[in-house]
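Peer 1:
In this note's numbering, the protein residues as written are 30 to 90.
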């Protein structure tokens, strides 16, 4: 059964994701990550999309 989230908990988790995005950007700058660069790029794209959808959905509240 899915966990019920209150609004504050959801906001905290989204802010944690936003802060972890910086880690992915720093990882992307590393010259020795080879093909992992593709996965990092994909993760950034998906994270950005998720954050954008969150902002669009909850900006009215």
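From the three backbone atoms N, C-alpha and C, an ideal C-beta is built for every residue, glycine too.
In terms of residues, what are the limits of the alpha helix (DSSP H) holding residue 38?
Peer 2: Translated into positions along the chain shown, residue 38 becomes position 9. Counting along the chain, the alpha helix (DSSP H) containing residue 38 begins and ends at 36-57.
Peer 1: Ignore the nearest five residues each way along the sequence and tell me which others in residue 57's own chain have a CB closer than 6 Å to its CB.
Peer 2: If you number the chain shown from 1, residue 57 lands on position 28. Closer than 6 Å at Cβ, skipping near neighbours: 69.
Peer 1: Would you kindly work out how many angstroms separate the C-alpha atoms of residue 32 and residue 43, rounded to a whole number?
Peer 2: By one-based count along the chain shown, residue 32 stands at place 3. By one-based count along the chain shown, residue 43 stands at place 14. So the two alpha carbons sit approximately 16 Å from each other.
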